[in-house]
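Heads up: the protein sequence lines correspond to chains W and A, in order.
If you're matching positions, the first sequence starts at 368 in this note's numbering and goes up one per residue.
If you're matching positions, the second sequence starts at 24 in this note's numbering and goes up one per residue.
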Amino acid sequence: MSFNPKHVLGIKELSQEEITFILDTAGSFKEINTRDIKKVPTLRGKTIVNLFFEASTRTRTSFEIAGKRLSADTVNISASSSSVVKGETLEDTAQNIEAMHPDIIVMRHSASGACHYLAERLRCSVVNAGDGTHEHPSQALLDAFTIRQHKGEINGLTVAIIGDITHSRVVRSNIYCLSKLGANVRVAGPGTMLPPGLEKMGCTIFKNIEDAISGADCVMMLRIQRERQGASLIPSVREYARFFGLNEQKLKLAKEDAIVMHPGPINRGVELASAVADGAQNVILDQVENGVAVRMALLYLVAGGDKLQQN
Amino acid sequence: MATETIEILDKNGIDRALTRIAHEILEKNKGIDDLVVIGIRTGGAYLAAGLHEKLVDIERQDVPLGMIDVTMYRDDIASRSDLQVGQTDIRFPVSGKKIILVDDVLFTGRTIRAAMEAVMDLGRPQTIQLAILIDRGHRELPIRPDYIGRNLPTARNEQIKVNFDERNNPQAVLLLRS
Chain W
368 MSFNPKHVLG
378 IKELSQEEIT
388 FILDTAGSFK
398 EINTRDIKKV
408 PTLRGKTIVN
418 LFFEASTRTR
428 TSFEIAGKRL
438 SADTVNISAS
448 SSSVVKGETL
458 EDTAQNIEAM
468 HPDIIVMRHS
478 ASGACHYLAE
488 RLRCSVVNAG
498 DGTHEHPSQA
508 LLDAFTIRQH
518 KGEINGLTVA
528 IIGDITHSRV
538 VRSNIYCLSK
548 LGANVRVAGP
558 GTMLPPGLEK
568 MGCTIFKNIE
578 DAISGADCVM
588 MLRIQRERQG
598 ASLIPSVREY
608 ARFFGLNEQK
618 LKLAKEDAIV
628 MHPGPINRGV
638 ELASAVADGA
648 QNVILDQVEN
658 GVAVRMALLY
668 LVAGGDKLQQ
678 N
Chain A
24 MATETIEILD
34 KNGIDRALTR
44 IAHEILEKNK
54 GIDDLVVIGI
64 RTGGAYLAAG
74 LHEKLVDIER
84 QDVPLGMIDV
94 TMYRDDIASR
104 SDLQVGQTDI
114 RFPVSGKKII
124 LVDDVLFTGR
134 TIRAAMEAVM
144 DLGRPQTIQL
154 AILIDRGHRE
164 LPIRPDYIGR
174 NLPTARNEQI
184 KVNFDERNNP
194 QAVLLLRS
């Protein structure tokens, strides 16, 4: 099969075969990142604009490195240093950028659906780098890639995701992605952070972390987003750490060879005890490394192929 | 429209061609020192494995074998519908080596151009030599093979197909005419 999308907006729209194709493509690109000369000419002459309306280090750097290693020209725009602070609307900003003929806009925005909104209005491709509390497709794909790297196959695995489920776009994309690939997805978090209707997405809900991680192959911890709503939904960070943080003792409930994941940035001592964050079971830096390969695959698949014939 | 199929080489024919190419390589390079064999995925990689076996058989000395996927180096990414990218697997240095690049069919030369660039990105080889099972003509670039299994002038609308069995051993070379 081949997969040649115009945009990558979310995992929800993708089929199992398409997800697998992206992961296989990423597997081929991974080798480039270990070469002496980390560059291939694949996207020479393509222009990629990283349009980030929210703070980001990992995702923006990862997309930028991915583009550069494919020989595309990448430009970064962050909201704090752009005309957004002068009151320009999202659509105006995007149209002005499009007038300069980029091939791909990689966007992060605090409003859910912002990428879909642009994708309907622009001629260039749009890749979602996180929109509000909706989706973060490249993160879910790099998570799946990392699980596959360590476990061989995702089908049949039990994956526990712990934290603020309501406000996490990472978790939404991950539930779609992992359940499409055949994993049993469990989620747990404080009652105030579990949205209604979650079970319809195909996961099992637990009220405490112990039950959720018992016998799990993979434990994915989410960050308490202190800059968002996190603070008012829990009595205190200390209490959260005690009941929903992962320490060495709780980790023993999971399978002996379970891996511990985190999308970063970590709040040490809150959702993840330092001993676990630095422990032998953590694959957090593998996730970051694989992120570049996965994003290379996404940019390549979006930029390649004959889009004109399709539309 | 009915498709006419003509067998150009059978299994034994391919084997003899590879044997001859192996001897030619050793003769031209005066032995096996510094040689490495790199096949272009997928057909070329299968043939490279066969050629590698023959070189080792004749010289009783191992040479490195790798395979390269040239999709990332192609010049037609914007017009291709199939975007599948395979793995490049070259676990040895190429700098200072004599590279024997292997492919099944030589046609426009664009794949070879991409493969040469891909190899050069990994280091600075001493030489790159090209071994081809079938040269069907119609070159669009100034590229010529050093070792040829069979010269086969074709029409543009004809197709050359190299069949492999489930163990990736070459079975036959077919000319398809529709």
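Glycine included, every Cβ here is placed at the ideal spot set by N, Cα and C.
Contact annotation: the stretch 548-557 of chain W touches the stretch 565-579 of chain W, with at least three C-beta pairs closer than 8 angstroms.
Closer than 9 angstroms to the CB of Tyr667/W there is at least one CB belonging to chain A.
DSSP places Met587/W within a strand segment (E or B) once states are collapsed to three. Under a 10 Å Cβ-count criterion, Ile415/W is classified as buried, with 16 or more other Cβ atoms of the shown protein chains found around its own Cβ. Straight across, the Cα-Cα distance linking Leu509/W with Gly394/W is about 11 angstroms. In this structure, His476/W is the residue among Val526/W, His476/W, Thr525/W with its C-alpha nearest to the C-alpha of Arg536/W.
Counting C-beta atoms within 10 angstroms of its own C-beta, Pro504/W has 16 or more neighbours from the protein chains shown and is therefore classed as buried. Under the three-state reduction of DSSP output, Asn192/A falls in the coil class, being neither helix nor strand. Ranked by Cα distance from Arg173/A, the first of Phe187/A, Ile157/A, Ile113/A, Asn180/A is Ile157/A. Secondary structure at Leu70/A: helix, using DSSP grouped into helix, strand and coil.
Only residues of its own chain outside the window of five on either side were considered, and among them Tyr96 have a CB closer than 7 angstroms to the CB of Glu140/A, listed in chain order. At a beta-carbon threshold of 8 angstroms, none of the residues of chain A lie near Ser492/W; the nearest stands roughly 13 angstroms away. Residue-level contact by beta carbon holds for Asp144/A and chain W, with a gap shorter than 9 angstroms. In this structure, Gly631/W is the residue among Ser641/W, Tyr667/W, Gly631/W with its C-alpha nearest to the C-alpha of Glu656/W. Counting only residues of its own chain and dropping the five nearest sequence neighbours on each side, Pro116/A has a CB closer than 7 angstroms to the CB of Gly146. In the assembly as shown, Arg83/A is an exposed residue. Its beta-carbon has fewer than 16 other beta-carbons within 10 Å. Here the C-alpha atom of Asp92/A lies approximately 34 angstroms from the C-alpha atom of Leu489/W. If you check the CB distance, Gln107/A and Phe388/W come in under 9 angstroms. With respect to Asp33/A, Gln182/A sits apart: the two C-beta atoms are not nearer than 9 angstroms. For the 9 angstroms CB-CB criterion, Phe430/W and Leu666/W form a contact.
Counted as a single uninterrupted DSSP element, the alpha helix (DSSP H) harbouring Leu665/W occupies residues 651-670.
According to the DSSP assignment, His483/W belongs to the alpha helix (DSSP H) that extends over 481-488. Here the alpha carbons of Asp38/A and Val494/W stand approximately 49 angstroms from one another. Scanning its chain for C-beta atoms nearer than 6 angstroms, with the 5 sequence neighbours on each side dropped, one finds around Ala507/W the residues Ile378, Ser540, Asn541, Cys544, in chain order.
For Ile100/A, the number of other beta carbons within 10 angstroms of its own is at least 16, and it is reported as buried. Residue state for Arg593/W is assigned as coil, using DSSP reduced to three classes.
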